[in-house]
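**Student:** Got a structure for you, questions after.
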Amino acid sequence: MTGLDLTGKTALVTGGTRGIGRATALTLARHGATVTAVGAGPSAAAEKLADELKALSDKHTVAFADVSDPTEVAALAEQAGALDVVVNNAGVISSASVLDLELDEWHRVLDTNLTSMFLVVRSVLPRLRDNASIINITSAVAWVGMPDRAHYTAAKAGVHGLTRSLCKELGPRHIRVNSVAPGIVETDQVAGLTPEQRVRYAGLAALGRLGKPDDIADAVLFLAGDLAGFVNGALLYVDGGI
Amino acid sequence: MTRTALVTGASRGIGRAVVDRLLADGVRVCGLYRTEGDAARLLAKELDSASPKGLTLRCDVSSEEQVGQAVARCAEEFGGIDILINNAGVATFAMLDNLDLAQWESTFATNVTGPYLVTRAALPHLRPGSSVVTVTSGLGITGAPGKTHYAASKAALIGFTKALSREVGRRGVRVNAVAPGIIETEMSAAGLNPELRARYEGQCALGRIGQPPELAEVVAFLADPRSSYVNGQTLMVDGGM
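So the protein sequences, as listed, match chains A and B. Here this note's numbering is used: the first residue of the first sequence is 1, the next is one more, and so on. Here this note's numbering is used: the first residue of the second sequence is 1001, the next is one more, and so on.
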């Protein structure tokens, strides 16, 4: 469709070197945005992404930060400069029954999946331009729940609470805030599935397939740009129909 | 290959904006309208001169016979349908104790039976990769006084969307809905007195009433392969309420 071009806009993508974040960084870059993709630290995946972004243009950056650390996030915001698009995507998955869930692990999952988004928004806010778009990546499972994911789903449900209040708070400044809730997407996080599990998970979606990182990236691309100018505070599931 | 679209309620408001947006993307459009008049004539003129040439048909979506004829004609001329936009709808105001059965039934006839009839008729012509987008309303989720019939009809469409998405997903047909907030159309915001307008604007975080083209962009996204893993959803488009 026409009108998706982001030329002249700058974007920050956390968790940007792998999976959904990587696909999003590349998609935004291919549509003209100047992208800062953030990884936790140097890695083969980060190098690969840096090469691919460089092949598109010299203007893109791969940066490193622990997005749950306020000092590192502040430095990251300074490095990124004025922004039009912020994609809060960094997250970790973890599996533990509530009885075995140590408080440290609870905090680690909440910090990375939820507190990080607060820290990033707070730090970049003074540098956000008019009509900026913030997209927070949550997860469809947060509205369904599943065993051993209490911490993960609590964090991801919290993400949309953050979106809802921020949309009211920042709307008057002409900043939009929305959530995207992926279903089951082919990333490193599901790479360990057995063939039987893959078939079963694919069958959960009415479309009969797993999601691809690009499916999510395309939804983020739409919300990032001015075409979605009246979409604010929305929760967009990208799950194939579960 | 040129994609083709069938749009109901095409002569005015959101439907008209959707037609314009799809034409801008090079889609071949068949627009259905119910009421004769200037709006219908303008639509016909635009679709007639569009490239590729479109089609304008008069059709009351609550009439099984008229829907059957219109959809068959569209499918025959276009050779298949890739995009169906169920947009036709009516809105009236009545508190429940004054809401007579005729008003209740006419609301459901257009708002719910209409999309059912049009979608059922179009389904055999929908190719794999096609997309159905239904225009429901934020009121179908939040409700408002004087809107029991309207809100119930729009809530029905959310269930319709969800259920149909599970039925036809395996055939490669996606089914989604948009739920507009307050939009500048004859049916919604136009003609509001200044006090009411200010109140509605204040309910929206962006501080304004939405414009039909803004709705059309979201409809166009859901109709486009860019949203190929979005299915069974009702996307709020209300500026944050």
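The beta-carbon is built from N, C-alpha and C at its ideal position, and this holds for glycine as well.
Going by C-alpha distance, which of B:THR1035, B:CYS1074, B:ALA1010 and B:ALA1072 is nearest B:GLU1046?
**Tutor:** With distances taken between Cα atoms, B:GLU1046 lies closest to B:ALA1010.
**Student:** Under 8 Å, with one C-beta from each stretch per pair, do the segment 199 to 207 of chain A and the segment 172 to 187 of chain A reach the 3-pair mark?
**Tutor:** With the cut-off at 8 Å, the segment 199 to 207 of chain A and the segment 172 to 187 of chain A touch.
**Student:** For the segment 1189 to 1217 of chain B, which residues have a CB atom closer than 8 Å to at least one CB atom of chain A, in sequence order?
**Tutor:** From the segment 1189 to 1217 of chain B, only CYS1204, ALA1205, LEU1206, GLY1207, GLY1210, GLN1211, GLU1214, LEU1215 and GLU1217 have a Cβ closer than 8 Å to chain A.
**Student:** Report the option in B:ARG1127, B:GLY1129 and B:LEU1157 whose CA atom is closest to the CA atom of B:ILE1141.
**Tutor:** Ranking B:ARG1127, B:GLY1129 and B:LEU1157 by Cα distance to B:ILE1141 puts B:LEU1157 first.
**Student:** Kindly provide the ranges of any alpha helix (DSSP H) runs that are 4 or more residues long and lie completely inside the segment 1116 to 1166 of chain B, ordered along the chain.
**Tutor:** For the segment 1116 to 1166 of chain B, whole alpha helix (DSSP H) runs of length 4 or above, ordered along the chain, are 1139 to 1142.
**Student:** Who pairs with A:SER179 in a beta bridge, going by DSSP?
**Tutor:** Its beta-bridge partners are A:ASN136 and A:LEU235.
**Student:** Interface residues of chain A around B:PHE1277 at Cβ under 8 Å?
**Tutor:** Because chain B in this structure spans residues 1001 to 1241, residue 1277 of chain B falls outside the shown range and cannot be described.
**Student:** Of all the options B:GLY1129, B:VAL1018, B:ILE1081 and B:LEU1192, which has the alpha carbon lying nearest to the alpha carbon of B:PRO1212?
**Tutor:** When each option's Cα is compared against that of B:PRO1212, the closest is B:VAL1018.
**Student:** Assuming B:VAL1007 is part of the beta strand (DSSP E), what are its boundary residues?
**Tutor:** Unbroken beta strand (DSSP E) run through B:VAL1007: 1004 to 1007.
**Student:** Identify the continuous alpha helix (DSSP H) that holds B:VAL1071 and give its terminal residues.
**Tutor:** That run of the alpha helix (DSSP H) goes 1064 to 1078.
**Student:** At a cut-off of 7 Å, would you count A:ALA45 as near the ligand MN, judging by its Cβ distance to the nearest heavy atom?
**Tutor:** This structure does not include the ligand MN; it has no bound ligands of any sort.
**Student:** Within the 8 Å Cβ cut-off, does A:ASN89 reach chain B?
**Tutor:** False, the Cβ-Cβ gap to chain B never drops below 8 Å.
**Student:** Considering only DSSP beta bridges, list what B:ILE1081 is partnered with.
**Tutor:** Looking at the DSSP assignment, B:ILE1081 forms a beta bridge with B:LEU1126.
**Student:** Hey, is B:LEU1139's beta-carbon within less than 8 Å of any beta-carbon in chain A?
**Tutor:** Taking Cβ atoms only, chain A never reaches closer than 8 Å to B:LEU1139, which makes this a no.
**Student:** With A:PHE64 as the anchor, note down where its beta strand (DSSP E) starts and where it stops.
**Tutor:** First-last of the beta strand (DSSP E) with A:PHE64: 61 to 64.
**Student:** Looking at the structure shown, is B:ARG1208 part of a helix, part of a strand, or coil, going by DSSP?
**Tutor:** In the structure shown, B:ARG1208 sits in coil (DSSP, three-state: anything other than H, G, I, E or B).
**Student:** Tell me the DSSP secondary structure of A:ALA216 in three-state form.
**Tutor:** Ala is not the amino acid found at residue 216 of chain A; the sequence shown has Ile there. Looking at A:ILE216 - three-state DSSP - the assignment turns out to be helix.
**Student:** From B:ARG1199 to B:VAL1178, what does the alpha carbon distance come to, in whole angstroms?
**Tutor:** Roughly 23 Å separates the two Cα atoms.
**Student:** Quick check: what's the CA-CA separation for B:LEU1043 versus A:SER68?
**Tutor:** Distance between the alpha carbons of B:LEU1043 and A:SER68 is about 54 Å.
**Student:** Measuring CB to CB, does B:PHE1221 end up less than 8 Å from A:PHE222?
**Tutor:** Yes, the Cβ-Cβ distance between B:PHE1221 and A:PHE222 is below 8 Å.
**Student:** Give the C-beta separation of B:LEU1023 and B:ALA1040 to the nearest angstrom, bearing in mind that I take them to be a contact with Cβ-Cβ under 8 Å.
**Tutor:** With a Cβ gap of about 17 Å, B:LEU1023 and B:ALA1040 do not count as contacting.
**Student:** With distances taken Cα to Cα, identify the nearest neighbour of B:VAL1071 among B:GLY1015, B:GLY1037, B:THR1008 and B:ILE1014.
**Tutor:** Per the Cα distances, B:THR1008.
**Student:** Is DSSP giving B:VAL1230 helix, strand or coil here?
**Tutor:** It is coil, neither helix nor strand.
**Student:** Would you mind working out which of B:THR1004, B:GLU1201, B:VAL1029 and B:ASP1060 sits nearest B:PRO1115, comparing C-alpha positions?
**Tutor:** Nearest C-alpha to B:PRO1115: B:ASP1060.
**Student:** What is the DSSP secondary structure of B:SER1219, counted as helix, strand or coil?
**Tutor:** Inspection of the sequence shows that residue 1219 of chain B is occupied by Val rather than by Ser. In this structure, B:VAL1219 counts as helix in the three-state DSSP scheme.
**Student:** On the three-state DSSP scale, how would you describe B:LEU1032?
**Tutor:** Note: B:LEU1032 maps to strand in three-state DSSP.
**Student:** Provide the residue span of the alpha helix (DSSP H) that contains A:LEU210, from first to last.
**Tutor:** No alpha helix (DSSP H) holds A:LEU210; DSSP gives it neither H nor E.
**Student:** Name the residues in the segment 1019 to 1042 of chain B whose C-beta lies less than 7 Å from a C-beta of chain A; which are they?
**Tutor:** Against chain A - using a Cβ distance shorter than 7 Å - the residues of the segment 1019 to 1042 of chain B are ALA1024 and ASP1025.
**Student:** Determine the closest residue to B:GLY1013 out of B:VAL1090, B:SER1063, B:SER1062 and B:LEU1084, with distance taken between C-alpha atoms.
**Tutor:** Of B:VAL1090, B:SER1063, B:SER1062 and B:LEU1084, the residue nearest in Cα terms is B:VAL1090.
**Student:** Rounded C-beta distance between B:SER1165 and B:ASN1231? I'm assuming under 8 Å.
**Tutor:** 5 Å between Cβ atoms; contact.
**Student:** Alpha carbon to alpha carbon, what distance is there between B:THR1136 and A:ALA224?
**Tutor:** Rounded to the nearest angstrom, the two C-alpha atoms are 24 Å apart.
**Student:** Are there three or more Cβ pairs, one per stretch, closer than 8 Å when the segment 146 to 160 of chain A is compared with the segment 209 to 218 of chain A?
**Tutor:** Contact fails: fewer than three Cβ-Cβ distances are below 8 Å.
**Student:** Could you tell me which of A:ARG22, A:ARG122, A:THR2 and A:ASP58 sits nearest to A:LYS212, measuring between CA atoms?
**Tutor:** The residue with the shortest Cα to Cα distance from A:LYS212 is A:ARG22.
**Student:** Does the segment 50 to 64 of chain A come close enough to the segment 31 to 41 of chain A that 3 or more CB-CB pairs lie under 8 Å?
**Tutor:** Contact holds: three or more Cβ-Cβ distances are below 8 Å.
**Student:** If the cut is a Cβ gap below 8 Å, which residues of chain A does B:VAL1237 touch?
**Tutor:** The answer, in chain order, is PHE230, VAL231 and ALA234.
**Student:** Determine the chain A residues that contact B:ARG1166 at a beta-carbon separation under 7 Å, and present them in chain order.
**Tutor:** Those within 7 Å of B:ARG1166 in chain A are ALA206 and GLY241.
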